[in-house]
Amino acid sequence: MSKNVRRKDKSAFSSEIEAFIRTFVEELINDNAAIFAGAGLSASRGYVNWKELLRGIAEGLNLDVDRETNLVALAQFHLNERRNRSELNRRIVAEFSDTREPSENHRILARLPISTYWTTNYDKLIETSLRNGGKIVDVKYDVAQLKTTLPNRDVVLYKMHGDVDHAEEAVLTKDDYEGYFRKHEPFVTALSGHLTSKTFLFLGFSFSDPNIDYVMSRVRVMLHNAPKQQYCIMRREQKAAKEKKESFAYRKHQQTFLIKDLQRIGVHTLLVDEYDDITRILGRIESDYRQRTILVSGSADDFQPWEMRDANRFVANLSRSLIEKHYSIVTGIGLGIGPSVIAGALEPILLERLKFRQSQLIARPFPFAIEDKRERERVHEAYRQQMVDACGIAIFIFGNKRKGKETKNASGVLREFEVAVEKGLKVVPVGATGHAAEELWRRVDADFDVYFPQATKAVRKLFSAIGPSAKKDPDELTATIINLIGAIRRMKG
């Protein structure tokens, strides 16, 4: 039985949920995570669930939708009586055609590197949130679409029960479900393959859909009763106002049996008490994932107080150590330090290709050939914003440039610090490298509780150890930075 989100500390999760977060972040890193979205994911934006969609239909049949348990059969009853589905189509269009803003859950998911989505929903919230996030979405709601591939796609969204723009083809009645495995067999095959190879998180899904039940049972049998572990987040049954104790106890009892049956088909249920807890879990997943990607910001015309040889060794050591700790690096290839960042990162990536991935290094040189100053600054700012968006921690080293005979702190490094703080990154200016990094270290040190409100003693001590008075030893300083990053990631907030 799943445990609660702890009630005494609203910011804390149970060990069960913490374990899930760690697992799902690893699957994100390995590009192996998938989402299955049910009606509950759209409910917060005001879209109706199946019961509300069919309420008017039930009334037309002199039935009470609240007493009906088989809504697919209810839709079929209507079709049997009317001999056409125009009213069902009208209801789908009326309820799901209007464009609504995606929820925070949609926005978080859209920012994560998830390339596979499945849904039984007719609305367009998922594709809207993904496109708003700058992703190219290949939407599949018809078998013919499975044969084509949208160029440069980032995400494939399988709308297995249809789309609001084609309500006449939407899967809704018993006739639709009974013919699904003949008319939509490629969808069944694709979903079966994904359930075998990917780790799914089911959100807003009640598991009452007969198609999903069939597919998951089929996968379980194919895998000899040992299906791949999948996850769902479900709200624990809550007592409604004026509800009788017996009725509430019965619903809780039902949920217990549902959880056990989901476990049988490979779905582990994580129970929460409030829907807001789902947003907090997704937020933690995003935060933990982003903190595995580190911006290395810096530039150097002058390496003083370091010897150039030691400085290059330090930068390469730092980059190599980050890769070996399975972090990813994002860098703008700053003047003077860029080659050492790349060389240090590539060494383990190229020598141990089964252990490390080329995707762990994202190098984005700034375009300097733009003659118009305003346009160049605009493009550079966009580059900075995009680089920072991909990260959860930012390291700042050196940071200077020559202007005539004078060496000044690099404005680009200072700006990247500002953007990182604005976007909520944990900032690690290495004061021992001097220049802009020293200025930024002093700024953080003077207001440490603002930049690190949940800092442990270990974080405070390690941050002090990378300050201006730290030893300029490449190996020792690298080890301290790596330990500091680990301590930051272990913080509560």
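If you're matching positions, the sequence shown starts at 21 in the numbering used here and goes up one per residue.
Yeah, the Cβ is synthetic: ideal placement off N, Cα and C, and Gly gets one too.
**Request:** Please say whether SER348 and GLN380 have beta carbons closer to each other than 7 Å?
**Result:** yes
**Asked** Fully enclosed by the region 71-97, which alpha helix (DSSP H) runs are 4 residues long or longer?
**Response** 75-80
**Request:** Determine the direct distance from the alpha carbon of ASP174 to that of ALA478, and round the result to whole angstroms.
**Result:** 40 Å
**Request:** Can you give me the start and stop residues for the beta strand (DSSP E) that GLN318 sits inside?
**Result:** Note that residue 318 is Gly in the sequence shown, not Gln. It spans 313-319 - the beta strand (DSSP E) in which GLY318 sits, taken as one unbroken run.
**Asked** Among residues of its own chain, excluding the 5 on either side of ALA8, which ones have a beta-carbon nearer than 8 Å to its beta-carbon?
**Response** Within the shown structure, residues of the chain are numbered from 21 to 513, placing residue 8 beyond reach of any answer.
**Item:** Residues that DSSP places opposite GLN165 in a beta bridge
**Value:** DSSP output for GLN165 lists no bridge partner at all.
**Asked** Going by DSSP, which residues form a beta bridge with GLU426?
**Response** LYS423
**Asked** What does a CB cutoff of less than 7 Å around PHE334 pick up in its chain, not counting 5 residues either side in sequence?
**Response** PRO494, LEU497 and THR498
**Item:** TYR178 versus ASP293: straight-line alpha-carbon distance, rounded
**Value:** 30 Å
**Request:** Whole angstroms is fine: what's the gap from ASN90's alpha carbon to GLY352's?
**Result:** 57 Å
**Request:** Identify whether ARG65 lies in helix, strand or coil by the three-state DSSP scheme.
**Result:** coil
**Message:** Rounding to the nearest angstrom, what Cα-Cα distance links ASP118 and SER228 in this structure?
**Reply:** 26 Å
**Item:** Straight-line gap, VAL464 to SER484 (C-alpha atoms, nearest Å)
**Value:** 10 Å
**Prompt:** Do ASN52 and LYS218 have their C-beta atoms within less than 7 Å of each other?
**Reply:** yes
**Asked** So which of LEU99, LEU338 and VAL235 has the shortest CA-CA distance to THR216?
**Response** VAL235
**Same chain, Cβ closer than 7 Å to LYS28, neighbours up to 5 away in sequence not counted** = Residue placement at LYS28 is poorly supported in this model, since its pLDDT is 46, which falls under 50; the coordinates still yield a value, given next. Correct list: empty, nothing qualifies.
**Asked** CB ILE314 to CB ILE413, shorter than 7 Å?
**Response** yes
**Prompt:** Using the beta-carbon count (16 or more within 10 Å), is LYS345 buried or exposed?
**Reply:** exposed
**C-alpha gap between LYS428 and ASP321, whole angstroms** = 9 Å
**Message:** Can you tell me which residues form a DSSP beta bridge with ALA53?
**Reply:** THR219
**Message:** For TYR161, which residues in the same chain have their Cβ closer than 6 Å to its Cβ, ignoring the five residues on either side in sequence?
**Reply:** LYS179, GLY182 and ASP183
**Message:** Applying the 10 Å Cβ sphere with the 16-neighbour rule, what's the burial state of ALA389?
**Reply:** exposed
**Prompt:** Among residues of its own chain, excluding the 5 on either side of VAL399, which ones have a beta-carbon nearer than 7 Å to its beta-carbon?
**Reply:** PRO387 and ILE390
**Item:** Exposure label - MET242; buried when at least 16 CB within 10 Å
**Value:** exposed
**Asked** Are the region 99-107 and the region 130-146 touching by the rule of at least three beta carbon pairs closer than 8 Å?
**Response** no
**Request:** Under 7 Å Cβ to Cβ from CYS411, same chain only, skipping five residues before and after it: list those, please.
**Result:** ARG310, THR313, ILE314, LEU315, VAL350 and LEU445
**Prompt:** With a CB to CB cut of under 7 Å and the five nearest residues on each side skipped, what residues in its chain are close to ILE502?
**Reply:** SER341 and LYS345
**Prompt:** Cα-Cα, which of LYS481, ALA63 and LYS492 is closest to LYS504?
**Reply:** Contrary to the premise, residue 504 reads as Leu rather than Lys in this sequence. It is LYS481 whose Cα lies nearest to the Cα of LEU504.
**Prompt:** For the beta strand (DSSP E) that contains TRP326, what are its first and last residues?
**Reply:** Premise fails: TRP326 is in no beta strand (DSSP E) and is neither H nor E.
**Request:** Have a look at PHE56 and LEU221 and give me their C-alpha separation to the nearest angstrom.
**Result:** 6 Å
**Request:** Look at the alpha carbon of GLU327 and the alpha carbon of ARG384, and state the distance between them as a whole number of angstroms.
**Result:** 27 Å
**Request:** Take every Cβ of the region 146-157, pair it with every Cβ of the region 106-118, and state whether three or more of those distances are shorter than 8 Å.
**Result:** no
**Message:** Does the structure place the region 295-304 close enough to the region 267-285 that three or more beta carbon pairs sit under 8 Å?
**Reply:** no
**Prompt:** Is it the case that the Cβ atoms of THR136 and VAL92 are separated by a distance below 7 Å?
**Reply:** no
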